[in-house]
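A short write-up of the structure that comes next.
In my numbering, the protein residues as written are 720 to 829.
This is the structure we're talking about:
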């Protein structure tokens, strides 16, 4: 799976998905691009299957149903590695279930 990490996530999170192709938004050349434009760039590029973010408002502010990739929103206490790292096993477990055009919200693991 080709994964894009939002720039609000720590780049070290990519190590948790080592069996997949992972880039960060800055590595893709889209640093500081607003959400709507970013989603369009991701779609137009055709380079990614999954977009990971902590931006809870993203689906409210953007039309996502026609996107050719899935979005996973991590509802973490913060975007620090200590708070987003526990999501990695759940993401990996459900990787094959994520469908393009869908938004999945994962809550902080207990």
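From the three backbone atoms N, C-alpha and C, an ideal C-beta is built for every residue, glycine too.
Nothing here was measured: the structure is a model prediction, and the numbers come from that model.
Which listed residue (the options) has its alpha carbon closest to that of residue i
i, options, result
"residue 772", "761, 748, 746 and 724", "724"
"residue 740", "777, 828, 769 and 778", "769"
"residue 791", "804, 817, 726 and 797", "817"
"residue 787", "813, 825 and 765", "765"
"residue 691", "730, 743, 767 and 799", "Here the chain comprises residues numbered 720 to 829, so residue 691 is not present and cannot be evaluated."
"residue 796", "761, 726 and 775", "775"
"residue 856", "779, 747 and 783", "Absent from the structure is residue 856, since the part of the chain shown begins at 720 and ends at 829."
Length of the line joining the Cα atoms of residue i and residue j
i, j, result
"residue 822", "residue 738", "23 Å"
"residue 802", "residue 785", "30 Å"
"residue 763", "residue 743", "17 Å"
"residue 805", "residue 777", "22 Å"
"residue 729", "residue 749", "16 Å"
"residue 720", "residue 824", "19 Å"
"residue 735", "residue 727", "17 Å"
"residue 733", "residue 779", "26 Å"
"residue 828", "residue 812", "13 Å"
"residue 747", "residue 807", "21 Å"
"residue 793", "residue 731", "16 Å"
"residue 761", "residue 752", "11 Å"
"residue 810", "residue 826", "11 Å"
"residue 798", "residue 745", "16 Å"
Assumed close pair residue i, residue j - CB separation to whole angstroms, cut-off 8 Å
i, j, result
"residue 781", "residue 820", "Actually they do not touch by this definition, with Cβ atoms about 12 Å apart."
Burial state of residue i (16 or more Cβ within 10 Å)
i, result
"residue 722", "buried"
"residue 815", "exposed"
Taking the runs of the alpha helix (DSSP H) that are 4 residues or longer, which of them lie wholly in the region 764–826? 777–780, 800–803 and 807–813
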